[in-house]
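Beneath this line is the structure, given in structure tokens, with notes to follow.
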Amino acid sequence: MTERKQVILLDSDDGAVEIRIRRSTRARRMRLLLRPGEPMVTLVLPSGTDERRGRAFAERERSWIMARLAERDLPVAFADGAEIPYLGRPHAIRHLGERRGVVRLEEDRIVVPGDPAHLPRRVGDWLRGQARAAVSPLALDFAARLDRRVTGISIRDQRSRWASCSSSGRLNFSWRLILTPPEILRYVVAHEVSHLVEMNHSPRFWAVVGRLDPGYRKARDWLRRNGPALHRFGGHPDGAD
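For the sequence shown, the UniProt record's numbering gives the first residue as 1, with consecutive numbering after it.
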């Protein structure tokens with residue numbers, strides 16, 4: 001599939017709203033999307049569709065766009081039917097009536113058995129476990145490539161930053177990294193492990209990051225644009241592991 005992206009502006013009472021245009025060879029009709037964790041609405045246009053037609057379509061759907069953008073800023077609790085991003089892709093949380101069992105992935109669903117009263121905690125615990133499973137091997141591999149030692153890895157609810165590194169070699173990561181696409185998670189891990197070599201953000205530091213993740217600039221820009229929206233998902237699990 002080939003795609004080209006651009007942005008148009010839609011006037012609103014609160015100022016101009018950015019709408020990203022995505023042209024797709026597979027699309028058969030115009031449609032609007034706002035996926036979990038994304039900062040703006042996407043207008044998908046079939047190849048060959050004139051931009052003016054797309055803009056007129058967006059104008060007709062102004063009420064839908066404004067309603068979805070308003071909903072975007074509301075907190076999303078872990079509940080049956082809620083949709084959250086997992087590794088950058090939308091997944092619906094589904095409760096099953098089974099009395100026992102483990103939280104598991106089934107295609108685009110996060111399936112949660114057991115007492116519904118425990119669903120929020122179980123989803124939070126599962127996401128933290130998935131974050132640890134994704135982060136730890138990467139961190140250890142990157143550290144070995146730099147001939148550095150990681151003394152510990154914690155998965156926390158870090159509200160002000162995505163990760164941190166102590167002078168003793170301990171790495172802390174936000175569990176919300178598991179909500180981001182894999183290349184974003186990889187960048188954050190590379191960034192933090194690079195602090196084992198350079199405890200600063202000097203050109204030398206960014207050179208180390210580039211050795212571990214040559215595409216880090218694109219990932220860094222994505223996180224700056226999209227990261228804040230991810231903090232509305234799931235409340236704040238307590239503690240660290």
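Just so it is clear, CB atoms sit at the ideal spot from N, CA and C, and this is done for glycine as well.
Between Phe78 and Leu119, the beta carbon gap of about 6 Å places them in contact (Cβ cut-off 8 Å).
Contiguous alpha helix (DSSP H) elements confined to the stretch 96–161 occur at 119–145, taking only those with 4 or more residues. Residues Thr42 of the same chain have their beta carbon placed closer than 6 Å to that of Leu33, with the five preceding and five following residues left out of the count.
Taken through DSSP and simplified to helix, strand or coil, Asn226 comes out as helix. Nearest C-alpha to Gly227 among Ile153, Ser63, Ser174 and Asp125: Ser174. Beta-bridge pairing by DSSP links Ile8 to Ile19. Put simply, the stretch 109–126 does not touch the stretch 161–168. Fewer than three CB pairs are less than 8 Å apart.
Looking at the backbone, the Cα of Val103 and that of Ile93 are separated by about 10 Å.
Separation of the CB atoms of Ala27 and Leu45 is rounded to 7 Å, and the pair is thereby assigned contact status at 8 Å. Collapsing the DSSP output to three states places Arg55 in a helix. Bridge partners of Leu177 according to DSSP: none are assigned. His191 counts as buried, since no fewer than 16 other beta carbons sit within 10 angstroms of its beta carbon. Counting C-beta pairs closer than 8 Å gives three or more between the stretch 78–88 and the stretch 178–196, which meets the contact rule.
Annotated three-state conformation of Arg28 is coil, per DSSP. Secondary structure at Ala163: strand, using DSSP grouped into helix, strand and coil. Taking 7 Å as the cut-off, the beta carbon of Arg232 is found closer than this to the beta carbon of Val76.
If you ignore the 5 residues before and after Leu212, its C-beta comes within less than 6 Å of the C-beta of Phe142 and Ala190, all in its own chain and listed in chain order. The beta-carbon distance between Leu9 and Glu59, rounded to whole angstroms, is 11 Å. This is too long to meet the 8 Å contact definition. Pairing Pro90 with Arg225 gives a Cβ-Cβ distance that is not under 7 Å.
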